[in-house]
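**Student:** My questions will all concern the structure given below.
In UniProt numbering, the protein residues as written are 1 to 599.
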């Protein structure tokens, strides 16, 4: 019997009543109590002086773990409420409340870090060798090293406190500004009022006039509010840079590299390999322009379908296709995804007032996930859905691991999601029933390579250059436009006839305060996952257990050590990255060959 999957998620199983939920209110009040108790414990905590103190530290870690789960549960739910309805004012108030609680927790956490950094070296080694602490070796050493990078406990507490109504509020302001934008676009002969997310989905519409109009209407909206966005972006960067300056950090990449547990050499090797191999993707862009009857490809045509036979999938069809392909990889991935669809963990409905983009969030107390996106029936939407299910599966894979050992970095987080996406995208191309269908599906696959190698490289180039200029003072909107166009010209290796000057205003990722440089980890995860995927193809369904083992190590190793242990690869060398790029080049060349034959 076929189960009909709902396109709307079920949040009431978590806290019934949405932002008005009494259960959520009780949970938030409990968080305040738990946090106060934890703060008292931290206040009375004494720096360990002997290995016998291991049990006291272990007990404190358990208390901290419970509090983190409690805060994360409410924070994740409130994030979902904000995403599903940008007009939910009560959710916005709750978001501010959670931010304040998180700041208080961060202050206590920083005190722990500072205390651990004071432990004498020999005592520290003895402590970590004790039974209660052995499983936390990696994370405790990481906390201790972080403390050495920071200012004093008092200074860091002040920065954290000021971040609530300063730094993070700028990010929330951006969400509010975007949430209020609506544009009117003529679609299929009808005038429609659309949110930013809905209008963005028209980038893959088959009608060129619709694509161009939606782009131009959005561009008008960005221009109309560009001073607000410029102020917001400059304020976020200014706060960040001033904090770095006080800590003695000169390189804006120091924090994102540390967060992603990655070396500068690894990042340089990745971008170097990509920069040396862009021509096949420029050839793809040129070929696509020809197929669309244009001398050059404009920004708003990058996602355009090149064939009339582009297949549309209802949400039900998309879900069933994903489940079928996941099943070929391994039973655990398929069963997990089935649960997500059946239990209403996914918000996919195309409706007004939703936040643009997609995400997956974990709810640690209920050991569930929720996935957010806006589904409009394209193969790209199906791939996005698989991508977010990959994130959720990563969370699921970590259930046997202690919660303190589940904080994996963004770059390896994108590995699981991109791996799941690859399973679906590869299967779609192989199962194509005609050359026209294969062209459409192959193009969708190549478009992801263009996104990771060119679009995201553009974002990285823009941010690195923006931060260097921001060190000298505020960067005006006009200059932000220039920097964006320059970055896109370089990132796309001259493969576009026109660029998107206000992309810096339109992309949420530039305004996320909790994770700086929200760009290069996507490309890392994409190419890293290709190596994992290649091993999966070699070994078949028996690989799933090895895959789960890799995912469980993602939070307790550097990216370099993870690759060496599970892939036997040195990712500080361009040769590693070129292997994955070569697979993507094959897709681009096959697309050009097929479409040249068609022509």
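Where is the CB? At the ideal position from N, CA and C, for every residue including glycine. All values derive from a computational prediction rather than experimental measurement.
Who are the near neighbours of residue 291 in its chain, counting only those whose CB is closer than 7 Å to its CB and skipping five residues on each side?
**Tutor:** What you label residue 291 is simply residue 291 of the chain shown in a count that begins at 1. These residues qualify, in order along the chain: 306, 595.
**Student:** Using the Cβ count rule (16 or more neighbours within 10 Å means buried), how would you classify residue 94?
**Tutor:** Residue mapping note: residue 94 aligns to position 94 of the chain shown, counting from 1. Answer is buried; the Cβ neighbour count reaches 16.
**Student:** When you compare the CB positions of residue 554 and residue 412, do they come within less than 8 Å of one another, or not?
**Tutor:** Position 554 of the chain shown, counted from the first residue, corresponds to residue 554. Position 412 of the chain shown, counted from the first residue, corresponds to residue 412. Yes, Cβ-Cβ distance for residue 554 and residue 412 is below 8 Å.
**Student:** Taking 8 Å as the CB-CB limit, is residue 186 close to chain D?
**Tutor:** Looking at the structure shown, chain D is missing, and only one protein chain is on hand.
**Student:** Quick check for students: name the residue ranges of the beta strand (DSSP E) that lie wholly in the stretch 394-462, counting only runs of 3 or more.
**Tutor:** Counting only runs of 3 or more, we get nothing.
**Student:** What number of angstroms, rounded off, separates the C-alpha of residue 385 from the C-alpha of residue 213?
**Tutor:** Position 385 of the chain shown, counting from 1, holds the residue named residue 385. Position 213 of the chain shown, counting from 1, holds the residue named residue 213. Answer to the nearest angstrom: the Cα atoms are 27 Å apart.
**Student:** Count the other CB atoms within 10 Å of the CB of residue 599; is the residue buried (16 or more) or exposed (fewer)?
**Tutor:** Numbered from its first residue, the chain shown carries residue 599 at position 599. For residue 599, the pLDDT reaches just 47, beneath the cut-off of 50, and the residue's location in the model is therefore unreliable, although a value from the coordinates is still provided. Exposed: under 16 other Cβ atoms inside 10 Å.
**Student:** Could you tell me which uninterrupted alpha helix (DSSP H) segments, each at least 4 residues in length, are contained entirely in the stretch 490-552, listed from first to last along the chain?
**Tutor:** The qualifying runs are 503-506, 520-539.
**Student:** Taking its Cβ as the centre, do 16 or more other Cβ atoms sit within 10 Å of residue 279, making it buried, or is it exposed?
**Tutor:** The count along the chain shown starts at 1 and reaches residue 279 at position 279. Exposed, since its Cβ has fewer than 16 Cβ neighbours within 10 Å.
**Student:** What are the start and end residues of the alpha helix (DSSP H) that includes residue 652?
**Tutor:** No answer is possible for residue 652: it lies beyond the span of the chain, which begins at 1 and ends at 599.
**Student:** Looking at the unbroken beta strand (DSSP E) that takes in residue 162, where does it start and where does it end?
**Tutor:** In the chain shown, residue 162 corresponds to position 162, counting from 1. Residue 162 -> not in any beta strand (DSSP E); alpha helix (DSSP H) instead, spanning 153-165.
**Student:** Classify residue 158: buried if its beta carbon has 16 or more other beta carbons within 10 angstroms, exposed otherwise.
**Tutor:** Within the chain shown, the letter at position 158 stands for residue 158. The residue is exposed, with fewer than 16 neighbouring Cβ atoms inside 10 Å.
**Student:** For residue 52, does the count of other Cβ atoms within 10 angstroms reach 16, so buried, or fall short, so exposed?
**Tutor:** Position 52 of the chain shown holds residue 52. It counts as exposed.
**Student:** If we count the other Cβ atoms within 10 Å of its Cβ and call it buried at 16 or more, is residue 585 buried or exposed?
**Tutor:** Start at 1 with the first residue of the chain shown, and residue 585 comes out as number 585. It counts as buried.
**Student:** With DSSP run on the structure shown, which of helix, strand or coil describes residue 359?
**Tutor:** Your numbering for residue 359 matches position 359 in the chain shown. Residue 359: strand per DSSP, three-state reduction.
**Student:** How close, in whole Å, do the beta carbons of residue 574 and residue 272 come, if the pair is a contact with beta carbons under 8 Å?
**Tutor:** As a position in the chain shown, residue 574 is number 574, starting the count at 1. As a position in the chain shown, residue 272 is number 272, starting the count at 1. With a Cβ gap of about 5 Å, residue 574 and residue 272 count as contacting.
**Student:** So, for residue 414: in the same chain, excluding its five sequence neighbours on each side, which residues have a beta-carbon less than 6 Å away from its beta-carbon?
**Tutor:** Here the question's residue 414 lines up with position 414 in the chain shown. So the list reads 521, 522, 525, once near-sequence residues are dropped.
**Student:** Rounded to whole angstroms, what's the CA-CA distance from residue 534 to residue 492? Just pull it up for me.
**Tutor:** Against the chain shown, residue 534 aligns to sequence position 534. Against the chain shown, residue 492 aligns to sequence position 492. Taking the straight line joining both Cα atoms gives about 27 Å.
**Student:** Alpha carbon to alpha carbon, what distance is there between residue 261 and residue 248?
**Tutor:** Walking along the chain shown from the start, residue 248 turns up at place 248. Walking along the chain shown from the start, residue 261 turns up at place 261. When rounded, the distance between both Cα atoms is 20 Å.
**Student:** What ranges does the alpha helix (DSSP H) occupy inside the stretch 200-251, keeping only unbroken runs of at least 4 residues that lie completely in it?
**Tutor:** 208-224, 226-247, all fully within the stretch 200-251.
**Student:** Just list the residues that DSSP pairs residue 368 with in beta bridges.
**Tutor:** Against the chain shown, residue 368 aligns to sequence position 368. The partner list for residue 368 (beta bridge, DSSP) reads 363.
**Student:** Look up residue 346 in the DSSP assignment and say whether it is helix, strand or coil.
**Tutor:** In the chain shown, residue 346 corresponds to position 346, counting from 1. Residue 346 falls in the strand class under three-state DSSP.
**Student:** Compute the Euclidean distance between the alpha carbons of residue 245 and residue 502, then round it to the nearest angstrom.
**Tutor:** To locate residue 245, count along the chain shown from 1; it is residue 245. To locate residue 502, count along the chain shown from 1; it is residue 502. Each residue's alpha carbon lies about 29 Å from the other.
**Student:** In this structure, does DSSP put residue 71 in helix, strand or coil?
**Tutor:** Locating residue 71 in the chain shown gives position 71, counting from the first residue. If DSSP states are grouped into helix, strand and coil, residue 71 belongs with the helices.
**Student:** Just to confirm my understanding: we take residue 548, look at its own chain, exclude 5 residues before and 5 after, and list those with CB closer than 6 Å. What are they?
**Tutor:** Taking the first residue of the chain shown as 1, we reach residue 548 at position 548. Within the same chain, residue 548 has close Cβ partners 397.
**Student:** Report the residue from 130, 282, 181 whose alpha carbon sits nearest the alpha carbon of residue 224.
**Tutor:** On the chain shown, position 224 is the one that residue 224 refers to. When only C-alpha atoms are compared, the closest one is 181.
**Student:** Expressed to the nearest angstrom, what Euclidean distance is found between the alpha-carbon atoms of residue 70 and residue 481?
**Tutor:** On the chain shown, residue 70 is found 70 positions in, with the first residue counted as 1. On the chain shown, residue 481 is found 481 positions in, with the first residue counted as 1. So the two alpha carbons sit approximately 42 Å from each other.
**Student:** Compare the C-alpha of residue 439 against each of 591, 195, 284 and name the closest.
**Tutor:** In the chain shown, the residue the question calls residue 439 occupies position 439. When each option's Cα is compared against that of residue 439, the closest is 591.
**Student:** Within this structure, are the beta carbons of residue 237 and residue 477 separated by less than 8 Å?
**Tutor:** To locate residue 237, count along the chain shown from 1; it is residue 237. To locate residue 477, count along the chain shown from 1; it is residue 477. Not a contact, by the Cβ cut-off of 8 Å.
**Student:** May I ask you to report which of helix, strand or coil DSSP gives residue 599?
**Tutor:** Position 599 of the chain shown, counted from the first residue, corresponds to residue 599. Here the model assigns residue 599 a pLDDT of 47, short of 50, so the residue's position is not dependable, and the following value carries that caveat. In this structure, residue 599 counts as coil in the three-state DSSP scheme.
**Student:** By DSSP's criteria, residue 190 is part of a beta bridge. Which residues make up the other side?
**Tutor:** Locating residue 190 in the chain shown gives position 190, counting from the first residue. According to DSSP, which records beta bridges pairwise, residue 190 is partnered with 187.
**Student:** Applying the criterion that 16 or more other CB atoms from any shown protein chain within 10 Å of the CB defines a buried residue, is residue 268 buried or exposed?
**Tutor:** By 1-based counting over the chain shown, the position of residue 268 is 268. Its Cβ having fewer than 16 others within 10 Å, residue 268 is exposed.
**Student:** In terms of residues, what are the limits of the alpha helix (DSSP H) holding residue 5?
**Tutor:** Taking the chain shown and counting its residues from 1, one reaches residue 5 at position 5. Residue 5 -> no alpha helix (DSSP H), and no H or E assigned at all.
**Student:** Can you say whether residue 167 is buried or exposed, counting buried as having 16 or more other CB atoms within 10 angstroms of its CB?
**Tutor:** Here residue 167 is taken as the residue at index 167 of the chain shown, counted from 1. Buried, by the Cβ-count rule.
**Student:** At the level of alpha carbons, what is the spacing between residue 424 and residue 326?
**Tutor:** What you label residue 424 is simply residue 424 of the chain shown in a count that begins at 1. What you label residue 326 is simply residue 326 of the chain shown in a count that begins at 1. Cα to Cα, residue 424 sits roughly 8 Å from residue 326.
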